[in-house]
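I have placed the structure first, in the form of structure tokens, so that the comments after it can refer back to it.
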Amino acid sequence: MPPGSRGHGRGGRGFKGRGGSRGGKGGRGGRGGRGGRGGRDQGRTSIRTENRPKKIPEAEDPDSNPETSDDPELRSCEDSEEDLGSDDSESQSEDDIVAAKPYNLLLQSLVTSNESNRRNPKRRKLDPTQTEENGIILLDGEDLANEPEEEEEPEEEAMDIDSDNEDQSDPFESHFASPSPSRLASISSASKGEWKDTKLPKSRLLGNAYLSIPGGSEQTTGGRRIEGLKDLNLKKKLVAEELTPLQKSLGQLVFHYVDVLYGERTLGNAEELRRMYSLHALNHVLKTRDRVLKNNARLAKATDEEIELRDQGFTRPKILFILPTRNACVEVINALVDILQPEQQENKKRFHDTYYTPPDAERISPNKPEDFRALFGGNHDDLFRLGLKLTRKTLKYFSQFYNSDIILASPLGLRMAIGDESDKKRDYDFLSSIELVVVDQADALLMQNWDHLEHIFKHLNLIPKDPHGCDFGRVRNWYLDTNAKYFRQTLVLGGFVTPEMMRLFNQSMLNAAGKVKTQAEYTGSMVDLGVQVRQTFTRIDPPTPAADPDDRFDYFTKAILPSLLRNTSTSTLIFIPSYFDFVRMRNHLHNTPISVGAISEETPVSSVARARSHFFTGRHSVLLYSGRAHHFRRYDIRGVTSVLFYGLPDNPLFYREITGGFIGRSIGEGRATEQPKVRVIFSKWDAMKLERVVGSKRVRVMCTDKGDTFEFV
């Protein structure tokens, strides 16, 4: 059973400690750092497996290299980079440098200087199962410090290069390789926040879809129509099944490198979406690979020293998957393997041992809701990061980030790798050349710490602090012009859209090719509850979102609390989605005559059992219940005869489970002597949540009508 999550913005277990999170000598993070519970800085969720790193004393290593990252996953190996699409091409010779343009000469001199001053770190192969080596903390054995990679075949022999001719109609060519002048000109509008919004034709599969393009762009649709695999410009070695109707509709956007915020992910279409973006990611990696290798061959044969081929970014990683749990990572990798079908998989057993369900893991009850079992099934640890490296025949797991083509990570795992602003040593250069970001199950990430995700996006596509062996003469001009974020494609998939996702859409999804958001039409989760309940919705009118918490608390203390004090015979459950509101309410009610129990994601199991028992027997007339507690535990609370939603949940299923489930059980057990009541406090700032509960047709009236009370039976 997954424990509760630590709330957004609370202490967590420290980014600033000296424990070292993943093998960095005296690095960041680890448990026990500054910012514990209630401390400073962002918290972390506490979905975890038992094999987590323990804090160990910092050890001085005389062989440590101060110019390399603290995290061995991030260190660039000294091994051969002559494999799949490496952006770390060999440095030019001195003759090449002399013939280069002045700007390239300056950049190349930085590389030469950097490499001459760099000491080669000593290499030692670690036992994957050990947890401590020279002050390095390993996460479930998944980090190997300075592990030497196997020697690989020369580039020309190691790779099978597709002989496909460059097709200018291929979105890869028009978006990354040879962007049109109009595409480059639209960057200015995107940087200024000048977007034109167009509603796309309504589709049964995509619901309401809105396309935003930079001002001045002539694009009017999301991309060319897709009828089948032949329209996708796929690399020949990829094995793909025929597209489903949803993949065709959404693929029209995805395979044309348009940003997408998709708010209609369900258990039924999750696999379709996963296979679609996995196919897209692999296709992008292989095309990048082939372009680099073809140009390497051209340069080797060229006699013209002035030839200029720009086909790379600053660093090698091109794809970033941000996922909620290790099990979600397993599902994505299984899709990648099924499509790529590599002849060999290196470190596969180690991946299986550290990412699949531990043998002694607690099994989830089949009585839990299906979405709960899907999210928390398997290994639900939320602290991980993993690099994948592709070669001609091999898929290698646990490759160091600067040698990886694909990075898969949880927000917390990647946040710990990047570090905090106040950390002396930080490393996020490996994110400088990411060209595709996939955020799957974004609604689940909301219940962890959304700040981690925003922190990651702030560090994408920045100019690297160190060259990392980059051949600047091969770097695309729009990278050098600091415009990479306007070419990066971002896909955000979730079961619904929230204000946090919309902020990400508006501030971080800046693709010059355009961006699309989709949202379903809702009938409302309050319909067909299975029981007859009087539901009363009361609107408060705070002038700004910042004023909402105080206005909501003021309304509760003046309009609702007096009735709770008068009538202590009812068993009232108060659902509070925000942890900060939960703490405020708990502290206030403890100073009243009301007998109150409280269950949050932080409440110990023994205290939860006691609170539930006392509420069921009537010793507590009020039970406070946090949104994260329901997300991470899905308790089936007995004895509920009335419910107050202090705020609406983001997930509309929670409303149905609490209203129809909890009250329905009390009715079935004969505990409800009067007609059960549900009361909801909402404001216009809750419009998105409200729409999912009451339905798309009712929400506008309820947010704008002169009356402030709406009753449904």
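The UniProt record's numbering numbers the first residue of the sequence shown as 1 and each following residue consecutively.
Each residue gets a CB set at the ideal place from its N, CA and C atoms; glycine is no exception.
Here the structure is a predicted model, which means the values were calculated and not measured.
Quick check on alanine 409: does DSSP put it in helix, strand or coil? What you label residue 409 is simply residue 409 of the sequence shown in a count that begins at 1. Three-state result, alanine 409: strand.
Given alanine 99, which residues of its chain have a CB within under 8 angstroms of its CB, disregarding the five upstream and five downstream residues? Here residue 99 corresponds to residue number 99 of the sequence shown, with the count starting at 1. Any reading at alanine 99 is ruled out, since the residue's pLDDT is 39, under 50, leaving its predicted position unreliable.
Could you tell me which residues DSSP pairs with alanine 209 in its beta bridges? The residue given as residue 209 occupies position 209 in the sequence shown. By DSSP's assignment, alanine 209 forms a beta bridge with Thr518.
Name the two residues that bound the continuous beta strand (DSSP E) containing tryptophan 195. Reading the sequence shown from its first residue, position 195 is the one you call residue 195. Going by DSSP, tryptophan 195 is part of the beta strand (DSSP E) stretching over 195–199.
Taking 8 angstroms as the threshold (C-beta atoms), are phenylalanine 645 and phenylalanine 580 in contact? In the sequence shown, residue 580 corresponds to position 580, counting from 1. In the sequence shown, residue 645 corresponds to position 645, counting from 1. No; because the gap between Cβ atoms is not below 8 angstroms, this pair is not in contact.
What span of residues does the beta strand (DSSP E) with tyrosine 262 cover, start to end? To locate residue 262, count along the sequence shown from 1; it is residue 262. Where tyrosine 262 is concerned, the enclosing beta strand (DSSP E) stretches over 259–262.
When you compare only the Cα positions, how much space is there between glutamine 535 and isoleucine 333? Here residue 535 refers to the residue found at position 535 of the sequence shown. Here residue 333 refers to the residue found at position 333 of the sequence shown. Each residue's Cα considered, the two are about 45 angstroms apart.
According to DSSP, which residues form a beta bridge with leucine 388? Here residue 388 refers to the residue found at position 388 when the sequence shown is read from its first residue. In the DSSP output, where bridge partners are listed per residue, leucine 388 has Tyr397 and Ile406.
Given glycine 216, which residues of its chain have a CB within under 7 angstroms of its CB, disregarding the five upstream and five downstream residues? Reading the sequence shown from its first residue, position 216 is the one you call residue 216. Closer than 7 angstroms at the Cβ level, and outside the excluded window around glycine 216, lie Ala185, Ser186 and Ser189.
Go ahead and pull the three-state DSSP assignment for arginine 316. Position 316 of the sequence shown holds residue 316. Three-state DSSP puts arginine 316 in coil, outside helix and strand.
Below 8 angstroms between beta carbons: does that hold for valine 693 and glutamine 532? In the sequence shown, the residue the question calls residue 693 occupies position 693. In the sequence shown, the residue the question calls residue 532 occupies position 532. The answer is no: Cβ separation not under 8 angstroms.
What are the start and end residues of the beta strand (DSSP E) that includes arginine 488? By 1-based counting over the sequence shown, the position of residue 488 is 488. Premise fails: arginine 488 is in no beta strand (DSSP E) and is neither H nor E.
Inter-stretch contact (C-beta, 8 angstroms, three-pair minimum) for the region 354–371 and the region 312–331: With contact defined as three or more Cβ pairs closer than 8 angstroms, the region 354–371 and the region 312–331 are in contact.
Helix, strand or coil, according to DSSP, for leucine 323 in the structure here? The residue given as residue 323 occupies position 323 in the sequence shown. In this structure, leucine 323 counts as coil in the three-state DSSP scheme.
Tell me whether tyrosine 356 sits in a helix, a strand or coil according to DSSP, three-state version. The count along the sequence shown starts at 1 and reaches residue 356 at position 356. Under the three-state reduction of DSSP output, tyrosine 356 falls in the coil class, being neither helix nor strand.
Okay, do the region 457–468 and the region 618–626 touch, 3+ Cβ pairs below 8 angstroms being the bar? No, the region 457–468 is not in contact with the region 618–626.
Leucine 286 versus aspartate 405 - alpha carbon distance: Translated into positions along the sequence shown, residue 286 becomes position 286. Translated into positions along the sequence shown, residue 405 becomes position 405. Within the model, the alpha-carbon separation for leucine 286 versus aspartate 405 is close to 10 angstroms.
When DSSP builds the beta bridges, which residues end up paired with tyrosine 625? By one-based count along the sequence shown, residue 625 stands at place 625. Answer is Phe575 and Ile599.
Assumed close pair glycine 228, leucine 238 - CB separation to whole angstroms, cut-off 8 angstroms: Working through the sequence shown from its first residue, we reach residue 228 at position 228. Working through the sequence shown from its first residue, we reach residue 238 at position 238. Going by Cβ atoms, the distance from glycine 228 to leucine 238 rounds to 14 angstroms, so no, they are not a contact pair.
Can you tell me whether DSSP reads leucine 279 as helix, strand or coil? One-based indexing of the sequence shown puts residue 279 at position 279. Assigned with DSSP and collapsed to three states, leucine 279 falls in helix.
Assign alanine 559 to buried or exposed, taking buried as 16 or more other Cβ atoms, counted over all protein chains shown, within 10 Å of its Cβ. Sequence index remark: in the sequence shown, residue 559 carries index 559 (1-based). It is exposed - the Cβ of alanine 559 has fewer than 16 other Cβ atoms within 10 Å.
To the nearest angstrom, how far is the alpha carbon of asparagine 51 from that of phenylalanine 537? For the purposes of this step, residue 51 is taken as the residue at position 51 of the sequence shown. For the purposes of this step, residue 537 is taken as the residue at position 537 of the sequence shown. The predicted model places asparagine 51 with a pLDDT of 37, which falls under 50 and marks its position as unreliable, so this point remains unresolved.
Span of the beta strand (DSSP E) around residue 737: Outside the displayed span of the chain (1 to 713) sits residue 737, for which this structure offers no information.
In whole angstroms, give me the CA-to-CA distance for glutamate 264 and histidine 175. Within the sequence shown, the letter at position 264 stands for residue 264. Within the sequence shown, the letter at position 175 stands for residue 175. Computed Cα separation, rounded: 27 angstroms.
Beta-carbon separation of glutamate 435 and glycine 207 under 8 angstroms? Counted from its first residue, the sequence shown places residue 435 at position 435. Counted from its first residue, the sequence shown places residue 207 at position 207. No; because the gap between Cβ atoms is not below 8 angstroms, this pair is not in contact.
Could you round the C-beta distance between leucine 340 and leucine 395 to whole angstroms and report it? I think they count as a contact, below 8 angstroms. Along the sequence shown, one-based indexing puts residue 340 at 340. Along the sequence shown, one-based indexing puts residue 395 at 395. Sure, about 7 angstroms apart at Cβ, within 8 angstroms.
Any idea which residues DSSP pairs serine 203 with across the strands? Position 203 of the sequence shown, counting from 1, holds the residue named residue 203. For serine 203, which the question treats as bridged, DSSP gives the partners Gly207.
How would you write the range of the alpha helix (DSSP H) that threonine 704 sits in, first residue to last? For the purposes of this step, residue 704 is taken as the residue at position 704 of the sequence shown. For threonine 704, the uninterrupted alpha helix (DSSP H) segment begins and ends at 696–704.
Would you check if the distance between the CB atom of valine 516 and the CB atom of leucine 504 is smaller than 8 angstroms? Within the sequence shown, the letter at position 516 stands for residue 516. Within the sequence shown, the letter at position 504 stands for residue 504. The answer is no: Cβ separation not under 8 angstroms.
So is serine 76 buried or exposed if we call it buried at 16+ other beta carbons inside 10 Å? The count along the sequence shown starts at 1 and reaches residue 76 at position 76. Residue placement at serine 76 cannot be trusted, given a pLDDT of 41 that sits under 50; what the coordinates show is reported in the next sentence. Counting Cβ neighbours within 10 Å, serine 76 comes out buried, since at least 16 surround it.
Backbone secondary structure at glutamate 331 - three-state DSSP: As a working mapping, residue 331 is identified with position 331 in the sequence shown. In this structure, glutamate 331 counts as helix in the three-state DSSP scheme.
Closer than 8 angstroms is the cut-off here; do at least three beta carbon pairs connect the region 270–288 with the region 249–256? Enough Cβ pairs lie closer than 8 angstroms, so yes.
Assign valine 437 to buried or exposed, taking buried as 16 or more other Cβ atoms, counted over all protein chains shown, within 10 Å of its Cβ. Here residue 437 refers to the residue found at position 437 when the sequence shown is read from its first residue. Buried: at least 16 other Cβ atoms inside 10 Å.
Please confirm if the region 546–554 is in contact with the region 579–594, defined as three or more CB-CB distances below 8 angstroms between the two stretches. The region 546–554 makes contact with the region 579–594; the number of CB pairs closer than 8 angstroms reaches 3 or more.
Tell me which same chain residues have a C-beta within less than 7 angstroms of the C-beta of aspartate 371, skipping the five on either side of it? Locating residue 371 in the sequence shown gives position 371, where the first residue counts as 1. For aspartate 371, where only same-chain residues beyond five positions count, the Cβ hits under 7 angstroms are Leu267 and Leu653.
In terms of residues, what are the limits of the beta strand (DSSP E) holding valine 437? Position 437 of the sequence shown holds residue 437. Here the beta strand (DSSP E) through valine 437 covers 436–439.
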